[in-house]
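*Asks:* Handing you a structure now.
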Amino acid sequence: MMDFFKKIVEKILRALSINLLKKHDPFIVGVSGSIGKTSTKEAIYTVLKKEFYTRESDKNYNNELGVPLTILGLGTVGRSFLLWVGVFFKAILKILFEKKYPKILVLELGVDRPKDMDFLMSFVSPRIGVVTSVGPTHLEFFRSVKDIADEKAKLIEALSYNGIAILNFDDEKVRDMRDKTEAKVMTYGLKEGADVRGILTESSLSFDADRWLNMAQRDRFATVFKVGYQGTVVPVRLKSVGAPHIYAVLAAIVTGLAMDINLVQITKSLLDYEPPHGRMNLIEGIKKTLIIDDTYNSAPDSAIAAVSYLDKIQTSGRKIAIMGDMLELGIYTEDGHRKVGRALVKFVDILVTVGEKSKFMAEEARGEGLADVYEFDTNEKVGDFIQKKLNKFDVVLVKASQGIRLEKVVKEIMAEPLKAESMLVRQDEKWERV
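Just so we're aligned, residue 1 is where the sequence shown starts under our numbering, counting upward by one.
Set out below in structure tokens:
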């Protein structure tokens, strides 16, 4: 019954979106990818909003309901049919009377199942399509990573000849999508050959945790690297850490260039880029510790990238990883968790796993020689355990799929838990009931 109701709501929202798009004809930037799409969307929005009236996908509005709601400028109302009738009425009023509408929409396009992109492309016509990565996420519903790549490539295939495809050059499956479009192709990455290339120095990704914890003004902290484009090299400063944010910013730079914004102006705009909550955010923990909050979601590739970043951190304390289940991996569930378990051994002193599937991670880490490994079935007792375990200057990475809710653990060990609502992911009333 609920599936039928959801389909009806989707069809009505789609029809209303088509009418509003026809009236205003905004320039649409579509962003998709297995990992990094939300950060990329946020970075693109940061660049474009300085030059144009721009709207971005709010929260995780990236599916069959979220995308049309973003287009309509409305929010979700749960499962009440009467409340949805109110949403439809508001949308009709917007179609009839709204005059001021964004010039640009930056839409995050999520793909969880086969044909998801077909549905989105049936009413969204992007002029720029950005694909960040392809990896083994949502394999519960896809037969292979190739099938995931094919589904995401439909965004690029939907571009017209005068559109622009922006592709991650460093991801081979994404790079190969350039052969699937008549649109102009622009690439970004850290490898030679990318149209817009990030140039890292030894210090670009390095981070002194002790120094950061002792800083009086942490907003002065910055990740610094250079960007090369057509013979011009400019510096970029970010108030965030880790390679995923560098890739997000590189995609935003290409998008800005595609919109004829000056490269120097783009880099100035990116000084205001704030990483979304739960994406490699730095938070002070109890006992003068550093928490790297990466709790928004998790998949094998992003988990390995996160734990690998610990190698760049200098600290007089220990490095601790709290890793929860990675969901929706299907037949790749065991292999994916074991792969992460093997990788993290090189970077952590203590591993804490949360969830049934993460037992594979713990088992693999022990087999690779990591002695301090602790397993929990749920997140409920992890906070108390870690509080007792922590010492001054320890660095704690926390990462899991959203269903494991490890932001609850972050709240228990952060120095100022009263600020959780403004610093952590999933703090609204809907999630608090879960």
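Glycine included, every Cβ here is placed at the ideal spot set by N, Cα and C.
Note that the structure is a prediction, hence the values are computed from the model and not measured.
#1: Look at the Cβ atom of A248, then the Cβ atom of E42, and state whether they are nearer than 9 Å.
#2: Hey, out of I95, K7 and L82, whose CA is closest to N63's CA?
#3: Looking at the structure shown, is K100 part of a helix, part of a strand, or coil, going by DSSP?
#4: Taking its Cβ as the centre, do 16 or more other Cβ atoms sit within 10 Å of I331, making it buried, or is it exposed?
#5: Three-state secondary structure (DSSP) at L205?
#6: Which residues does DSSP pair with D260 in a beta bridge?
#7: From this set, E274, T289 and I246, which residue's C-alpha is nearest L213's C-alpha?
#8: Among residues of its own chain, excluding the 5 on either side of K50, which ones have a beta-carbon nearer than 7 Å to its beta-carbon?
#9: Express the C-alpha separation of D150 and M121 in angstroms, rounding to a whole number.
#10: Given a threshold of 16 other Cβ atoms within 10 Å of its Cβ, counted over all protein chains shown, does I199 qualify as buried or as exposed?
#11: Exposed or buried, L418, counting other C-beta atoms within 10 Å across all chains shown (16 or more means buried)?
#12: Pick out the complete alpha helix (DSSP H) segments inside the stretch 349-394, 4 residues or longer, and give them in chain order.
#13: Where does D179 fall in DSSP's three states?
#14: Identify which residue in R127, G66 and D170 has its Cα closest to the Cα of T181.
#15: Counting only runs that start and end within the stretch 261-339, where is the beta strand (DSSP E) found for 3 or more residues in a row?
#16: Can you confirm whether the stretch 65-79 touches the stretch 168-188 when touching is taken to mean that 3 or more C-beta pairs between the two stretches lie within less than 8 Å?
#17: Three or more C-beta pairs closer than 8 Å, one from the stretch 394-402 and one from the stretch 290-301: is that the case here?
#18: Whose C-beta lies closer than 8 Å to the C-beta of N379 among residues of the same chain, with five residues either side of it excluded?
#19: Is the beta carbon of G189 sitting closer than 9 Å to the one on L250?
*Replies:* Taking the geometry as given:
#1: The residue you call residue 248 lines up with position 248 of the sequence shown. The residue you call residue 42 lines up with position 42 of the sequence shown. E42 is positioned such that its CB atom lies closer than 9 Å to that of A248.
#2: Position 63 of the sequence shown, counted from the start, is the residue given in the question as residue 63. Checking every option, the nearest Cα to that of N63 belongs to K7.
#3: Position 100 of the sequence shown, counting from 1, holds the residue named residue 100. DSSP places K100 in the coil class of the three-state scheme, outside both helix and strand.
#4: In the sequence shown, residue 331 corresponds to position 331, counting from 1. Classification for I331: exposed.
#5: On the sequence shown, position 205 is the one that residue 205 refers to. Residue state, collapsed to three classes: coil.
#6: One-based indexing of the sequence shown puts residue 260 at position 260. DSSP lists no partner for D260.
#7: Residue numbering aside, residue 213 sits at position 213 when the sequence shown is read from its first letter. It is T289 whose Cα lies nearest to the Cα of L213.
#8: In the sequence shown, residue 50 corresponds to position 50, counting from 1. Excluding residues within five positions, the ones whose Cβ falls inside 7 Å are S269.
#9: Position 121 of the sequence shown holds residue 121. Position 150 of the sequence shown holds residue 150. Looking at the two C-alpha atoms, the distance is approximately 14 Å.
#10: Taking the sequence shown and counting its residues from 1, one reaches residue 199 at position 199. Exposed is the call here.
#11: Counting from 1 along the sequence shown, the entry for residue 418 is found at position 418. The residue in question, L418, is exposed, as its Cβ has fewer than 16 Cβ neighbours within 10 Å.
#12: Complete alpha helix (DSSP H) runs here, min 4: 359-367 and 382-389.
#13: As a working note, residue 179 is residue 179 in the sequence shown. It is helical.
#14: Along the sequence shown, one-based indexing puts residue 181 at 181. Looking at the Cα atoms, R127 is the closest of the given residues.
#15: For the stretch 261-339, whole beta strand (DSSP E) runs of length 3 or above, ordered along the chain, are 281-285, 289-294 and 319-324.
#16: For the pair of segments examined, the stretch 168-188 was found not to touch the stretch 65-79: the number of CB pairs separated by less than 8 Å stays below three.
#17: Yes, since at least three Cβ pairs between the stretch 394-402 and the stretch 290-301 fall closer than 8 Å, the two stretches touch.
#18: Within the sequence shown, residue 379 is the residue found at index 379, counting from 1. Its chain contains G324, V354, I404, R405, L406, K408 and V409 as the residues whose beta carbon lies nearer than 8 Å to that of N379, once the 5 sequence neighbours on both sides are disregarded; these appear in chain order.
#19: Mapped onto the sequence shown, residue 189 falls at position 189. Mapped onto the sequence shown, residue 250 falls at position 250. A contact, by the Cβ cut-off of 9 Å.
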